[in-house]
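Data first, discussion second: the structure below is written as C-alpha cells.
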Amino acid sequence: MESKKQGRISIIMPVYNGVSWIGECIESIRQQTDTNWELLVLDDHSTDGTTELVLKLAEEDSRILPILRQKNGVSAARNEGLEKAQGEFIMFVDADDKLDPQMLSVLRAMLGQTESDLAVCDYYRWNGKPDGIYNRSEELLKTDVEREKNAARAKKVLRADGTEKAGAEAVSQQRAVRAEGVRVYNRSEYVSDYLLRGNTRCWSVLYRRSAIGQIRFREDLSIGEDMMFLMDLLMQISSVSITEYRGYFYRINEQGAMLKPFKPSYMDEIKSWELACRLVEKEFPSQKGRVYSILAVSAMLAAGKIARLPGAERKKYQTEVVQCHSAVQKGLAASGAKEELPKGYRIKTMLFTACPALYLALYHHWKG
C-alpha cells in the first residue's frame, strides 16, 4: 500500500465552464491502464454545471478530488494544484483534451527505464470528433490505421520494461533500459532541439515531483506561461526522455488562432520570450541567435494581429506597436538571430523595423 502511495501520479486539471467536454476528459483518465493516480480538478466556480458534474463523478471515484477556488487564471490554479498534490509524479491536463488509455503507463515506464526527470510523449491535434485526429502538419489521419500504429509505439516502450502492463507496480525499480522510439536529451539538447523548436507545452509530460521542487507557473503571464515553467525547470533537471508515441489528444479550435482578434494579453507572448532570452543567453549561449529570432517572430505575430484591426481600433494600440517594434529590433540585434529567422520573416522584419506604419497598412490591406 505504501509503495502505491509513493508511486502516485497527481494529475492537475484547471477548469472554468467546461461542462461540454470535461466528462470525456475525466473518463479518459479513468480508463488508464495505470490506475495509481489522483485527479485534482481546480474549478474556478463554474456557472454552467461543471461543478455539479465533477462532484457527481467524485462520488463515483474517490481518486477525483474537486477543488472550488476563486477565478484568477490557469497559472494560479496549476500552482494551487502543485501545493495540494500528494503524488510522487505530476501531470497537467487541460479539461477540453483527453488521454490515450496507455499514456500514464508509457510515461511512467520511460522514467523508470531512463532515470530522466521528465518523460514527454507526442500528441494528436483533435477536433473533438471520433475520427477527427490530425498530425502536427494538420493532415487528417485514418483513425483505425493510426490507432494500430500508435499501439505499436506504446508497445515498444512497455516491452523494453519487460512487461506490457507498465502500471505502478510493474515499474518498481529504475532500469537503464532504452526503449525503441525513446530518446534521452540532456539539458542543452532539450533546449536546442526541443524547447526552441516550438515544443513549449507543459501537458503530455510526466514530471518527477522532486524535479519541480518549488518552481511554479508565473501568474503575471496569460500567454507563454507553459514555456517559462519549462525554462525555469531547466536548472533543476539533468535529462528528459521523449517518445514518438502519441498519448495526448489536444483539442483544436477549428477557427484557428491566427483569426482571433488582437487583445492586450497577447503582449505576454513577447514578455515571456524576453524572459527566455535572458535565461538562454546566460545558461545556453550557443542558442542565443535562435531564441532572439523567436522573440522577433513573436513580436511580428503580435504586430500582425494589430494590423488586421479596423483603422480606428488599430490606433488604440500605438503603445503596443512601439513595444513590438522595440522587441523586433532587440531580437535582430542579437548575434546570429537574423540567420535563424524563417525566410518569410526576413523581408517582413526589415520593412517593419524601417517603417512600422507602412508595414501595418500593407498587412491590413493584404490580410485585413
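Residue numbers (the working numbering): 759 to 1126. We treat Cβ as the ideally placed atom computed from N, Cα and C, and that holds for glycine.
Sort out for me which residues DSSP pairs residue i with in a bridge.
| i | result |
| --- | --- |
| T1001 | V940 |
| W795 | I767 |
| R1009 | W884 |
| R966 | F847 |
| L1120 | Its beta-bridge partners do not exist; DSSP assigns none. |
| I825 | L800 |
| L898 | Y892 |
Measuring only the C-alpha atoms, how far is residue i from residue j?
| i | j | result |
| --- | --- | --- |
| W779 | E846 | 28 Å |
| E1078 | R866 | 44 Å |
| M861 | G781 | 18 Å |
| A1015 | Y881 | Summary for A1015: the model assigns pLDDT 49, below 50, so the residue's position carries little reliability; its value from the coordinates is reported in the next sentence. Rounded to the nearest angstrom, the two C-alpha atoms are 18 Å apart. |
| Q789 | C783 | 10 Å |
| I888 | V903 | A small correction: the amino acid at residue 888 is Pro; Ile does not occupy that position in the sequence shown. Each residue's Cα considered, the two are about 14 Å apart. |
| D852 | R911 | 24 Å |
| H1122 | C1113 | 14 Å |
| A909 | E817 | 32 Å |
| I825 | R966 | 23 Å |
| Q844 | I770 | 11 Å |
| L964 | M849 | 5 Å |
| E983 | E1032 | 13 Å |
| K913 | T793 | 18 Å |
| Q932 | I822 | For Q932, the predicted structure reports a pLDDT of 33, less than 50, and the residue's modelled location is therefore unreliable. A value from the coordinates is still provided. Looking at the two C-alpha atoms, the distance is approximately 28 Å. |
| V812 | L797 | 11 Å |
| E1041 | D1026 | 23 Å |
| L1053 | Q1087 | 10 Å |
| A729 | T958 | This structure gives no information on residue 729, because the portion of the chain shown stretches from 759 to 1126. |
| I1105 | Q1076 | 22 Å |
| T712 | K1101 | Given a span of 759 to 1126 for the chain in the structure shown, any question on residue 712 remains unanswerable. |
| G890 | K900 | 9 Å |
| G807 | S820 | 20 Å |
What residue range is occupied by the uninterrupted alpha helix (DSSP H) comprising residue i?
| i | result |
| --- | --- |
| M1108 | 1101-1112 |
| L979 | It is not in any alpha helix (DSSP H) - L979 carries neither H nor E in the DSSP assignment. |
| C1157 | Nothing can be reported for residue 1157: it is not among the residues displayed for the chain, which extend from 759 to 1126. |
| S948 | The identity of residue 948 in the sequence shown is Tyr, whereas the question assumes Ser. 945-951 is the span of the alpha helix (DSSP H), which, as asked, contains Y948. |
| I1028 | 1025-1041 |
| T805 | Run containing T805: none; DSSP gives neither H nor E here. |
| G956 | Segment: none, G956 is in no alpha helix (DSSP H) and carries neither H nor E. |
| S1044 | Careful: S1044 lies outside any alpha helix (DSSP H) and carries neither H nor E. |
| K837 | A small fix is needed here, since residue 837 is Asn in this sequence, not Lys. 832-842 is the span of the alpha helix (DSSP H), which, as asked, contains N837. |
| G1069 | 1069-1072 |
Under 7 Å between the Cβ atoms of residue i and residue j?
| i | j | result |
| --- | --- | --- |
| L991 | I973 | yes |
| L800 | G776 | no |
| S1131 | A877 | Look at the range of the chain in this structure, 759 to 1126, and you will see that residue 1131 is not part of it. |
| G831 | R1009 | no |
| A834 | E977 | yes |
| L979 | S1030 | yes |
| V949 | S874 | no |
| I970 | F1020 | no |
| S962 | C879 | yes |
| R1036 | E1098 | no |
| D855 | F1007 | yes |
| H803 | K842 | no |
| A1085 | A1057 | yes |
| A1115 | S1051 | no |
| L1109 | Y1117 | yes |
| Y892 | R905 | no |
| G939 | E896 | no |
| A1034 | M993 | no |
| T809 | S863 | no |
| D858 | G1089 | no |
Under the three-state reduction of DSSP, which class applies to residue i: helix, strand or coil?
| i | result |
| --- | --- |
| D880 | strand |
| V903 | helix |
| K1125 | helix |
| V1080 | helix |
| L857 | strand |
| P772 | strand |
| I1064 | helix |
| Y1196 | Outside the displayed span of the chain (759 to 1126) sits residue 1196, for which this structure offers no information. |
| K871 | It should be pointed out that residue 871 corresponds to Gln in this sequence rather than to Lys. Looking at Q871 - three-state DSSP - the assignment turns out to be helix. |
| A924 | Low confidence applies to A924: its pLDDT is 42, below 50, so where it sits in the model is not reliable, and the reading given next is rough at best. Looking at A924 - three-state DSSP - the assignment turns out to be coil, as it is neither helix nor strand. |
| G1089 | helix |
| S996 | coil |
| F1020 | coil |
| V915 | helix |
| I973 | coil |
| V777 | coil |
| D990 | helix |
| S820 | coil |
Quick one: is residue i near chain D, going by C-beta distance under 7 Å?
| i | result |
| --- | --- |
| F1110 | Of the protein chains in the structure, only one exists, and it is not chain D. |
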